[in-house]
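Top to bottom, those sequences are chains A and B.
The numbering of the first sequence is the numbering used here, which starts it at 420 and goes up by one.
The numbering of the second sequence is the numbering used here, which starts it at 420 and goes up by one.
Note that beta-carbon positions come from the ideal geometry of N, C-alpha and C, so glycine has one too.
Here the structure is a predicted model, which means the values were calculated and not measured.
Please read the structure below before turning to the comments.
There are 2 protein chains.
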Amino acid sequence: MSVWDGHMGWLGALDAGITDRDMTTEEIARAEAESCFGKDGVVLEKDGSLGEGYRILAEGNAWRVRGGKTGLLYGVYRLVRHRLAGEKLPEGDERPQYGLRMIDCWDNMDGTVERGYSGRSIWFEGGRLTYRPERIRMLGRLLASVGVNCLCINNVNVHEPAQGLIDEMLPDLKAMAGLLRPYGVRLMVSVDFAMPMRCGMSTADPLDEEVAAWWKDRAEKVYAAVPDLAGFLVKADSEHRPGPFTYGRTHADGANMLARALRPFGGTLVWRAFVYNCMQDWRDTRTDRPKAAYETYQPLDGQFDDNVILQVKHGPFDFQVREPLSPLLLSMEHTHLAVEFQLAQEYTGHQIDLYYMPPMWDEVFSAMGKDRPVAIAAVSNLGRDDCWTGDPLALANLFAYGRYAWDPMCGAEETARIFIRMTWGFEKGDEDILARALMGSRGIYEKYCAPLGICWMVSPNGHYGPSPDGYEYQLWGTYHRADRDAVGIDRTSSGTGYLDQYPEEFQRIYRDPEKCPDEYLLFFHRRRYDSVMRDGRTLIQRIYDDHFEGAALAEKMAEDVKKLPFPERDRGEICRRLDLQVKDAAEWRDVINTFFRRLSGAEDERGRKIWR
Amino acid sequence: MSVWDGHMGWLGALDAGITDRDMTTEEIARAEAESCFGKDGVVLEKDGSLGEGYRILAEGNAWRVRGGKTGLLYGVYRLVRHRLAGEKLPEGDERPQYGLRMIDCWDNMDGTVERGYSGRSIWFEGGRLTYRPERIRMLGRLLASVGVNCLCINNVNVHEPAQGLIDEMLPDLKAMAGLLRPYGVRLMVSVDFAMPMRCGMSTADPLDEEVAAWWKDRAEKVYAAVPDLAGFLVKADSEHRPGPFTYGRTHADGANMLARALRPFGGTLVWRAFVYNCMQDWRDTRTDRPKAAYETYQPLDGQFDDNVILQVKHGPFDFQVREPLSPLLLSMEHTHLAVEFQLAQEYTGHQIDLYYMPPMWDEVFSAMGKDRPVAIAAVSNLGRDDCWTGDPLALANLFAYGRYAWDPMCGAEETARIFIRMTWGFEKGDEDILARALMGSRGIYEKYCAPLGICWMVSPNGHYGPSPDGYEYQLWGTYHRADRDAVGIDRTSSGTGYLDQYPEEFQRIYRDPEKCPDEYLLFFHRRRYDSVMRDGRTLIQRIYDDHFEGAALAEKMAEDVKKLPFPERDRGEICRRLDLQVKDAAEWRDVINTFFRRLSGAEDERGRKIWR
């Protein structure tokens, strides 16, 4: 029996023993190939010119994989997916769309995971880096098998003692990097912009020469321990984090100073473009949080160094169930960008509610184009739970993320089907049922939570379950301003002017409330409850209908999925969560409908139960 | 210099050195008398027949205090208050109204204080009983000086390791009891009803003979260490605490079993009558939380043993700014009752907002009569902060509580004035200003928070600041059900029937919405915003007016109080809090007014600013 006795994710058909010991990348590739194709089923041929890429060639009854550094391994996994799940093979050379394909872990060194719904941290506990090596290797396999090549291991909110990861804990960082290196996964570390002050300096001013020298020296020490560290990730001047604003400097000043420290070692400085006023006065209707990132960063376009990547959340708010594309992603022509997703289901059901993300990503890439960013990042949904992601169905998002990071045009449904075949190997009928459930899941969740792009009707702090006014009189810039007549925010030029941040072709889509797609209606416009939607229904009736439908669809979906032949270890977790989702969807339905009924006074035209 | 260098509360005129060492009660009485009246100013004469009581006699230029056990000490403090603050002396013998005058501390052994706004616990830290002895003695003095005779030292929610207070930590309990004993303060301990199971038994069923025997044995051990322990306090079957309901037993079964264990040692079992469904469905309009205590306990009247005291909160909810008297306090003819107040300003401003409680207590005693309860309890507002209560002005509530526990008819304003003279010795004009501020403070707070008896429009969990819908879709049984037309709950017999729990003379006061006192209107009735109040204003206009007035009055009050000549150490804390109160009162005003304007659509008749 192998050392790794835990969940294999979607790699259950392979030999678990591969995680028992340290191996080189080529040894791993060979072993995975052998476990799937037998001893001589695959020939490996190294070709450095391919980089992370590969070419797969049929040679009689065997396969030849030609590949560069880690390309061999990626090629083997591609073959494995082809064999086990019928994934199509590429014609010619295959290379990833993005060179940097990151998972950002919000793991704290006390073992908690901020916004984590899969148990405690896999590698932190009690202020230390500590783990089972075979668990880390297994994680490396899972990531490599879908092409993820970077793991930022600590929370962007750098709490003590995580600063020590690039200081006294460097030997531990080095050891963990060594475990993941054969899988092509490089570590990244979130750093504290004010760290020089932790180390006795009187300032962290990015234009102070001693500060810059301090960071250069620090980088030298870090790279001596981990020569292939991907770089640093920084959240600065955001939600009370320190940053360049303290010193009257721009974010370009801050990012470039750090980037120059990393440059000699080939490191990348990833700078999170998540700045807004988290102390807004709710009475202030001129400030509009979605405008903040563009206002802060757009004027800096062209000022960032080459090895800086500005990491931008896909929407202008914060990973809500429905947001338009961030206008910042359309405007930074002369800046390297990463688009940031969130696999952790913070606002999308806590890995209790089923929420398959690729349909949302399809919208993002279709609006943005795949070539705008040079990198891609996603907040981790990983944890110490048996199946890695709490809900075994949430593994689908991790799997899909890797596939999208490699090829954003890979397709949501095909990805779902390959995941299902890899993970559970269902027969066609069952695969159809689960693929349908996954593909429909986001639409269902959207129907029963905050209506039509309004966002934020979620319980404060926890972010699970309905609280229609929970963010209404708060400091977070998150308002719907529902009154007895109308709801929503006018973000056109006659309102907050947020829409003006978009190119004209986007403005055309959203500007006119009569033409604006329904799902964005209340994001861009303030509408009366009795206003008539394009399909002839009033807004209030549409809200009621959506919520009744959403809860009913959740019930139907749960019923379908619970019948599927999952193995016991997954079945219990899946069914327990689906039952909770059904209950919680009904709660959403009732709270939201009652909230709007109390305001509007409108009855449901179809006479369904809305509580008083 | 004496060992005690901290705040002396209202005893600043006395000699701090009295806290330096262990003294007998009589030694303390003598030393306090001497420090105030000089060496031969007071003659002490022991008279056991007076118990806690005393008689004060003028003898030429000196005073004679005749008193029983602790009566001598109480008599001396009475004389001190007479000398320093002009408090009238009693004619003839003076005895306390209530034999048990408790402070219930919600201190946890990790050093936190549940709903504490005065810093960490004075005696718990890191899971142990640990303190500066002189601080405990100083506390004993403060309590003795106003006649408090019992301190329940741990949270009624008994969290590990507090169970150990009556087990492995008995030596520590004994030591602390020894420090307070000379001040006439007996300890009480909150116990965990399920404690036998912590100690290896398979049940905590109160009718199980082995359980009863276990508690008898436990009591014997406890009283061997602390022979004058006042008894045990229990919160059972409440907010997820264990209790007799687990075993299908009544609360009389549970309380009597414990009381019988305490009886041989003269101990009292205080049983908290705070049971309600804290998992209510907000859709359920038939269940009404204020009905719960009466429904649970009234049928048990007469079934409790003689040494059981049922501790009943003064209102049927939970220490809101405005509640009617709990009907349970009017109905338990054959049960020993304690009335419970809360000095900690959980729902009344966190010791930031000024909130002097005696005017509220006057209402309670005027409705209930002083002779119904046999005991009195108050949740502590004590903590490790310099001035004991966070806000130096909140000391007034601690002082007043002792005075009311001794004599509930002592008068709110006179109490305020004596407190002011004792503590700061202001001249008459300044005393008038502060007395007026204290006396008006509750009315001001009430005006700017939830309107007209509605309760609960407070931020969930924290309980500070406005959140109009914060408790609306929750499990706590706390609903206002405001919609676009009306607000409030009909609690008459045509509604939830809560009013039926009262004697007829109370029903007459509240039954008719046209006659119900304004301050209880929305507690007992559901009213349309356009309904006309007795003074001719509409309900919605009254809500607006109250909130504008409340915030304006808070501003005026702060301005007045900030001018007073407090000593520096108090001044900073007081002013900081008053500034916060002014800011937060404006926030209450705006949030509540906006909430009701969004619902009602009504404009303010006087054209003042209500945000949209």
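Check your understanding: Does the distance from the C-beta atom of L606/B to that of I572/B stay below 7 angstroms?
Key -> yes
Check your understanding: Comparing alpha-carbon positions, which option in A757/A, W875/A, G505/A and L773/A lies nearest A763/A?
Key -> L773/A
Practice item. Please confirm whether Q730/A and R702/A have their CB atoms less than 7 angstroms apart. Key: no
**Study point:** Cα-Cα separation, P509/B to Y820/B
**Key:** 19 angstroms
Review point. Rounded C-beta distance between I928/A and F1015/A? I'm assuming under 8 angstroms.
Key: Going by Cβ atoms, the distance from I928/A to F1015/A rounds to 26 angstroms, so no, they are not a contact pair.
Review point. What is the DSSP secondary structure of L853/A, reduced to helix, strand or coil?
Key: helix
Exercise for review: Could you confirm whether any beta carbon from chain B is found closer than 7 angstroms to the beta carbon of R1017/A?
Suggested key: yes
Practice item. Determine the closest residue to G566/A out of G460/A, L817/A and R1008/A, with distance taken between C-alpha atoms. Key: L817/A
Check your understanding: If Q717/A sits next to A671/A, beta carbons under 8 angstroms apart, how far is it from one beta carbon to the other, in whole angstroms?
Key -> Wrong, their Cβ atoms sit about 12 angstroms apart, outside the cutoff.
**Study point:** Inter-residue spacing [alpha-carbon to alpha-carbon] between G859/A and Q1000/A
**Key:** 14 angstroms
Exercise for review: Return the chain-ordered list of same chain residues with a C-beta closer than 7 angstroms to the C-beta of M952/A, the five sequence neighbours on each side being excluded.
Suggested key: D937, L958 and R961
Exercise for review: Measuring only between beta-carbons, confirm whether G907/A sits less than 7 angstroms from chain B.
Suggested key: no
Practice item. Taking the CB atoms as reference points, tell me whether V388/B and S657/B lie closer together than 7 angstroms. Key: Outside the shown range of chain B (420 to 1031) lies residue 388/B, about which nothing can therefore be said.
Practice item. Determine, using beta carbons only, whether Y917/B and P743/B come nearer to each other than 7 angstroms. Key: no
Practice item. Drop a sphere of 10 angstroms on the beta-carbon of S421/B, count the other beta-carbons inside from all chains shown, and report buried for 16 or more, exposed for fewer. Key: exposed
Point to revise | Same chain only: Cβ atoms within 7 angstroms of Y867/B, ignoring 5 sequence neighbours per side | key: H966, G969, A970, A973, A1004, W1007 and R1008
Review point. Do you know offhand how far A481/A's Cα is from V462/A's?
Key: 7 angstroms
Practice item. Give every residue of the same chain whose Cβ lies closer than 6 angstroms to the Cβ of A712/B, excluding the five residues on either side of it in the sequence, and list them in chain order. Key: A692 and L747
Check your understanding: At a Cβ threshold of 7 angstroms, is G1020/B touching chain A?
Key -> yes
Exercise for review: Could you have a look at T438/B and say whether DSSP puts it in helix, strand or coil?
Suggested key: helix
Check your understanding: How is the alpha helix (DSSP H) around T1013/A delimited, first residue to last?
Key -> E987 to S1019
Exercise for review: Have a look at G802/B and L626/B and give me their C-alpha separation to the nearest angstrom.
Suggested key: 39 angstroms
**Study point:** Contact set for T767/B: own chain, Cβ-Cβ below 7 angstroms, skip 5 residues either direction
**Key:** V740, Y774 and Y864
Check your understanding: With distances taken from CA atoms, which of V495/B, L940/B and G788/B is nearest D909/B?
Key -> L940/B
Practice item. Could you list which residues in chain B have their beta carbon closer than 8 angstroms to that of A901/A, in chain order? Key: R1017
Practice item. Go through the stretch 612-673 of chain A residue by residue and report every complete run of the alpha helix (DSSP H) that reaches 4 residues or more, in order. Key: 614-617 and 628-644
Review point. Do you know how far the Cα of R861/A is from the Cα of K981/A?
Key: 18 angstroms
Check your understanding: Got a sec: does the ligand PLP put a non-hydrogen atom nearer than 6 angstroms to the Cβ of I555/B?
Key -> Ligands displayed in this structure: none; no statement on the ligand PLP is therefore possible.
Review point. Under the rule that 16 or more other beta-carbon atoms within 10 Å means buried, what is H753/A, buried or exposed?
Key: exposed
Check your understanding: Would you say the stretch 674-681 of chain B touches the stretch 627-640 of chain B, given that touching needs at least three Cβ pairs under 8 angstroms?
Key -> yes
Point to revise | Min CB distance V1010/A to chain B below 7 angstroms | key: yes
Review point. Can you tell me the Cα-Cα spacing of P984/B and I839/B, whole angstroms?
Key: 12 angstroms
Check your understanding: Taking 7 angstroms as the CB-CB limit, is W1030/A close to chain B?
Key -> yes
Exercise for review: Quick one: measure Cβ to Cβ for R903/B and L1018/B, integer angstroms, because I've assumed they're closer than 8 angstroms.
Suggested key: 5 angstroms
Check your understanding: So, is the C-beta of Y883/A closer than 7 angstroms to a C-beta in chain B?
Key -> no
**Study point:** Buried or exposed by the 16-neighbour rule on C-beta atoms within 10 Å, applied to D888/B
**Key:** buried
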